[in-house]
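For the sequence shown, this note's numbering begins at 1106 and goes up steadily by one.
We put the beta carbon where it would ideally sit given N, CA and C, even for glycine.
Here the structure is a predicted model, which means the values were calculated and not measured.
Heads up, the thing below is written out as structure tokens.
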Amino acid sequence: MRIKFLSVIVSLLFVSFAISSCLDENQTVGEYSTDATIRAFAIDTVLGQSYRFTIDQLKGEIYNIDSLPVGSDTIINKILIDTLTTASGTVILLNNTDGKDSLVNDVLQGLNTTDSVDLRKPMKVKVMSMEAMNLMYQGAPEDQYKKFTRQYTIKVRVHKQDPDTLNWGQAKGEKPAPLMNNFSGGAITGPQKAVILNNTIFVFSKNASQVIAYQTATSNPKGWAPAGTINGLPTTVDLSTILTFNNELYAAAAGEVYSSTNGTSWQKHSALNDRKIASLLVGFPENAGNNLNKTTGIAAVSVDPTDPTILRYCFTNKNATGWTLASDQGEIVPDSFPKTKISATVWTNNTGVQGAMLVGGLTNSRTEAVKHTIPWGSYDGLSWADLYTQNAFCPTLTLPSIFYYGNNFYTFGNGFDAFYTSATGIAWAKANKKFYFPTELTARKGSEYSMVVDSNNFVWIICSKSPTGTDDVWRCRLNRLGFADAITQQSRK
1106 MRIKFLSVIV SLLFVSFAIS SCLDENQTVG EYSTDATIRA FAIDTVLGQS
1156 YRFTIDQLKG EIYNIDSLPV GSDTIINKIL IDTLTTASGT VILLNNTDGK
1206 DSLVNDVLQG LNTTDSVDLR KPMKVKVMSM EAMNLMYQGA PEDQYKKFTR
1256 QYTIKVRVHK QDPDTLNWGQ AKGEKPAPLM NNFSGGAITG PQKAVILNNT
1306 IFVFSKNASQ VIAYQTATSN PKGWAPAGTI NGLPTTVDLS TILTFNNELY
1356 AAAAGEVYSS TNGTSWQKHS ALNDRKIASL LVGFPENAGN NLNKTTGIAA
1406 VSVDPTDPTI LRYCFTNKNA TGWTLASDQG EIVPDSFPKT KISATVWTNN
1456 TGVQGAMLVG GLTNSRTEAV KHTIPWGSYD GLSWADLYTQ NAFCPTLTLP
1506 SIFYYGNNFY TFGNGFDAFY TSATGIAWAK ANKKFYFPTE LTARKGSEYS
1556 MVVDSNNFVW IICSKSPTGT DDVWRCRLNR LGFADAITQQ SRK
């Protein structure tokens, strides 16, 4: 084997000499390249798909950014290296069997890219530059040519989880179960609203005499406790109007706007009560994206000052210190617009344009035999359009929620039997079987609930105590949105 490999070295040196002899007299003659870098690497296709590999020259690592699908271990255990390009020299498999790091021994195992390799575990290789090979051929000691070599570790990343499956926190082989039972000690029994303020989830509800709330940090999912006495927020508050904007909470009660910086101490807003507010819809956060529509503020519905039967869309300025239009100038709200139990989500498209979409209590006056759940969309909060379609519509949902997740819209109701999904909010279809509700949650059909999505892409579904079960907290996440890069992108929004 040694004689066979030496013949390869001689051939490479001959080619190098031939090239150097063609150089003009101003170029250095007789020197061999000391560059031992790998310039390109690729493996054969996996399930018909090619995967791009990154070469980190500083760390000496070669890896694929997009992980291979679950189950690819049975493919990469015997796979061809499709491309392995070096600046000069040859690539050598390291001899890991005896723990020695001897180039003389390693070189006997020259890497043949026509043979399949096992990449289930990291594979270490060394590149010997032409200069290193020349010195070794001349019999120089290893310490003289080792500096003209480079070592790389090839790592092939494979998903351990199906990226398109909704995971409810269970271990492999276990049935999904609530994250926590009896989170409020049975105190929350009716309508409720969950919101996130500074990485703390608040769940607001009412008892016979006051507004109550329970809270936990998103980082401590089982740390639920009473938020304390809720001061300043009257029991007339419409819980569905509570929303987060600019690190504050806002709510509407009996036509007036209230705000809070901590979730427990509330006060009438000093600048937003020059008109009667029927509902707060959604907050448009500041959007750092490259978009043509820099809309920032709170979208709401107000009562016309001269005719209480007329409702108008209105919108605050970016600091929520005033309204952008006079009370009689907003576009008139149509009768079919949702008035109660509103759920809204904000999204940003691929060009950076931000918009909002909402669903709510059924006010659909259309005459179809099968009623639809019709989302409404807006790019500025002042003009809303229903996204009605005769085909591929979302069926009627009781107490619907909507959220933008993984570049798609999802909606569901308190039947907890299916998610419906849409790329644009117009054409809807039942989500695939991997995006599902656990049977134990489906058994909670008819329960009051609310939901939020946190910065780590967890979807929280919080149920009130009811005849069908205790006050439960459920939490799920699409596997691919739990990967580190997905969480980083979400936290930047």
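Contacts around residue i, its chain only, beta-carbon distance under 6 Å, and the 5 residues preceding and following it disregarded
i     : result
A1237 : Y1250, F1253, T1254
Q1372 : G1337
S1177 : V1151, V1263
L1502 : T1478, G1518
P1227 : T1258, K1260
Q1266 : N1584
I1180 : V1151
Span of the beta strand (DSSP E), counted from its first residue to its last, around residue i
i     : result
D1577 : 1577-1583
L1348 : 1348-1350
Y1493 : Careful: Y1493 lies outside any beta strand (DSSP E) and carries neither H nor E.
D1161 : 1158-1161
W1481 : 1481-1483
K1539 : Here K1539 belongs to no beta strand (DSSP E), and DSSP marks it neither H nor E.
A1356 : 1353-1358
Delimiting residues of the alpha helix (DSSP H) encompassing residue i
i     : result
N1392 : Careful: N1392 lies outside any alpha helix (DSSP H) and carries neither H nor E.
D1178 : 1178-1181
E1449 : According to the sequence provided, residue 1449 is Ala. The question's Glu does not apply to it. That residue, A1449, is in no alpha helix (DSSP H); its beta strand (DSSP E) goes 1448-1453.
Q1249 : 1247-1250
As assigned by DSSP and simplified to three states, the class of residue i
i     : result
L1586 : helix
T1547 : helix
A1237 : helix
S1310 : strand
Y1509 : strand
F1253 : helix
S1560 : coil
S1345 : helix
Y1242 : helix
W1329 : coil
N1286 : strand
I1382 : strand
R1144 : strand
E1279 : coil
L1504 : coil
Same chain, Cβ closer than 7 Å to residue i, five either side skipped, listed in chain order
i     : result
E1436 : R1417, Y1418, L1487, S1488
D1491 : S1441, I1479, W1481
A1497 : A1532, W1533, A1534
A1332 : F1307, A1318, Y1319, Q1320, G1368, T1369
T1547 : F1521, D1522
Same chain, Cβ closer than 8 Å to residue i, five either side skipped, listed in chain order
i     : result
G1153 : none
T1219 : L1185
T1429 : G1402, C1419, F1420, T1421, N1422, L1487
W1273 : P1281, A1282, P1543, W1579, R1580, C1581
Residues sharing a beta bridge with residue i, DSSP
i     : result
K1373 : Y1363
S1138 : Looking at the DSSP assignment, S1138 forms no beta bridge with any residue, so it has no partner.
F1420 : A1404
C1100 : Residue 1100 lies beyond the residue range present for the chain, which begins at 1106 and ends at 1598; the question has no answer from this structure.
N1336 : S1370
- Would the stretch 1373-1388 and the stretch 1354-1362 be scored as touching if the rule is three or more Cβ pairs under 8 Å? Touching, yes, given that three or more Cβ pairs across the two stretches are closer than 8 Å.
- Task: Take every Cβ of the stretch 1221-1241, pair it with every Cβ of the stretch 1183-1199, and state whether three or more of those distances are shorter than 8 Å.
- Result: Taking one beta carbon from each stretch, the stretch 1221-1241 and the stretch 1183-1199 have 3 or more pairs nearer than 8 Å; the two touch.
- Query: Between the stretch 1298-1309 and the stretch 1553-1571, do at least 3 Cβ pairs fall closer than 8 Å?
  - Reply: Below 8 Å, enough C-beta pairs join the stretch 1298-1309 and the stretch 1553-1571 to call them touching: three or more.
- Count the CB pairs spanning the stretch 1424-1444 and the stretch 1511-1526 that are closer than 8 Å, and state whether there are at least three. Contact between the stretch 1424-1444 and the stretch 1511-1526 is absent: fewer than three C-beta pairs spanning the two stretches fall below 8 Å.
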